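Here the structure comes first, spelled out in structure tokens, and everything after it is commentary.
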């Protein structure tokens, strides 16, 4: 499988000193199966890169290589300037990782979890006590700090997991599907926390299959499918790749659908008709200004309930790139979650 050439600066030139994360032609094979095939990208310091793709696309495998958990078959990565092959210890000192499943101990309290992990990091007692309280406050867990984690909601556990990964104040943080399984409110609250981290200078690499999440958080998005990068750019740039805006209108009476469709086709438009919803959709490009289009319907005596432009979404981008929508992909086997040993 050939890889798509991705600029090693994104978007625009980025000096090496300003790059926090760099993937360089990463390849990972498990026997005859190629999970990641020639992945390259850079993430400027203090920014967010969204690694977007369906289950099994290779997102988690890419993160495992970049965080020294799984050696690349070929290629390499640099984190905060340190090479994952040659300087794995320095890489681990300069990054934090929050995986798909919370790794905190449910029997311990939130505060005990922080102090236990901080002790493993070798953080001094006074510094650890201060840092633990700072993180509990930052993640709105102060009141729950002395409660067992098994009593926490899913959103609280994810926030504690993030807090643990930030104990050593790493400049780079990897987040692998951080909001999977969270309800919309908890997801939104976690997004706010991540925005605060970036505002404080942390660089984030976020893997997700949630299109809205990438749209909300990422400065730059890499779309990966079947182990290969198939698109790279800002949210706006990717949406522009999906095509122009669509004109969407809903007629008041079902009897007018055929007439409305004929009117649009007469003016050179390709039209998609949703009979049940009394809705017509067509590419806005080539129809001229919208007031003129509205005048056609008015002159023809066609009453319209709704009339407006629909901009391409990231879901439209995903559909145009892969031939299927993201939600259809989320039911596929997740090869990302397969361990190296299981694949070997």
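Residue numbers (the UniProt record's numbering): 1 to 344. Where is the CB? At the ideal position from N, CA and C, for every residue including glycine. On a predicted model such as this, the values are computed, not experimentally measured, just so you know.
Coil, strand or helix - residue i by DSSP
{"i": "residue 317", "result": "helix"}
{"i": "residue 273", "result": "strand"}
{"i": "residue 345", "result": "In the structure displayed, the chain extends from 1 to 344; residue 345 sits before or after that span and is not available."}
{"i": "residue 265", "result": "helix"}
{"i": "residue 259", "result": "helix"}
{"i": "residue 200", "result": "coil"}
{"i": "residue 20", "result": "strand"}
{"i": "residue 28", "result": "strand"}
{"i": "residue 54", "result": "coil"}
{"i": "residue 238", "result": "helix"}
{"i": "residue 35", "result": "strand"}
{"i": "residue 309", "result": "strand"}
{"i": "residue 148", "result": "strand"}
{"i": "residue 166", "result": "coil"}
{"i": "residue 294", "result": "helix"}
{"i": "residue 45", "result": "coil"}
{"i": "residue 64", "result": "helix"}
{"i": "residue 361", "result": "Examination of residue 361 is not possible in this model, given that the chain is present from 1 through 344 alone."}
{"i": "residue 225", "result": "strand"}
{"i": "residue 220", "result": "strand"}
{"i": "residue 80", "result": "coil"}
Candidates the options: closest to residue i by CA position
{"i": "residue 45", "options": "78, 226, 86", "result": "78"}
{"i": "residue 109", "options": "117, 148, 87, 85", "result": "148"}
{"i": "residue 156", "options": "300, 185, 211", "result": "185"}
{"i": "residue 42", "options": "90, 219, 195", "result": "219"}
{"i": "residue 29", "options": "227, 85, 195", "result": "227"}
{"i": "residue 296", "options": "183, 262, 190, 270", "result": "262"}
{"i": "residue 141", "options": "112, 303, 266", "result": "112"}
{"i": "residue 56", "options": "267, 209, 304", "result": "209"}
{"i": "residue 167", "options": "232, 196, 129, 19", "result": "129"}
{"i": "residue 40", "options": "87, 299, 123, 74", "result": "74"}
{"i": "residue 37", "options": "229, 137, 260", "result": "229"}
{"i": "residue 20", "options": "241, 298, 201, 290", "result": "201"}
{"i": "residue 135", "options": "183, 88, 197", "result": "197"}
{"i": "residue 22", "options": "125, 47, 131, 33", "result": "47"}
Spatial neighbours of residue i in its chain, beta-carbon cut-off 6 Å, leaving aside the 5 residues before and after
{"i": "residue 281", "result": "246, 248, 272"}
{"i": "residue 150", "result": "106"}
{"i": "residue 91", "result": "68, 79, 82, 84"}
{"i": "residue 264", "result": "271, 282"}
{"i": "residue 133", "result": "none"}
{"i": "residue 174", "result": "63, 67, 97, 205"}
{"i": "residue 18", "result": "44, 45"}
{"i": "residue 120", "result": "none"}
{"i": "residue 35", "result": "28, 58, 61, 227"}
Beta-carbon proximity of residue i to residue j, cut-off 7 Å
{"i": "residue 172", "j": "residue 203", "result": "yes"}
{"i": "residue 205", "j": "residue 49", "result": "yes"}
{"i": "residue 117", "j": "residue 193", "result": "no"}
{"i": "residue 67", "j": "residue 24", "result": "no"}
{"i": "residue 278", "j": "residue 294", "result": "no"}
{"i": "residue 304", "j": "residue 238", "result": "no"}
{"i": "residue 100", "j": "residue 176", "result": "yes"}
{"i": "residue 250", "j": "residue 306", "result": "yes"}
{"i": "residue 65", "j": "residue 114", "result": "no"}
{"i": "residue 321", "j": "residue 231", "result": "yes"}
Beta-carbon proximity list for residue i, same chain, < 7 Å, skipping 5 on both sides
{"i": "residue 161", "result": "98, 102, 103, 104"}
{"i": "residue 59", "result": "51, 53, 207, 224, 336"}
{"i": "residue 213", "result": "179"}
{"i": "residue 146", "result": "109, 111"}
{"i": "residue 143", "result": "none"}
{"i": "residue 170", "result": "94, 95, 96"}
{"i": "residue 189", "result": "155"}
{"i": "residue 191", "result": "216, 217"}
Beta-carbon contacts of residue i that lie in its chain and below 8 Å, excluding the five residues immediately before and after
{"i": "residue 301", "result": "none"}
{"i": "residue 407", "result": "Because residue 407 is not part of the residues shown, which for the chain are 1 to 344, the question remains open."}
{"i": "residue 139", "result": "159, 160, 162, 163, 193"}
{"i": "residue 275", "result": "254, 257"}
Ignoring anything shorter than 3 residues or poking outside the region 168-194, list the beta strand (DSSP E) runs there in chain order.
-> 172-176
Just list the beta strand (DSSP E) runs in the region 83-142, keeping only unbroken ones of 3 residues or longer that don't cross its boundaries, in chain order.
-> 95-98
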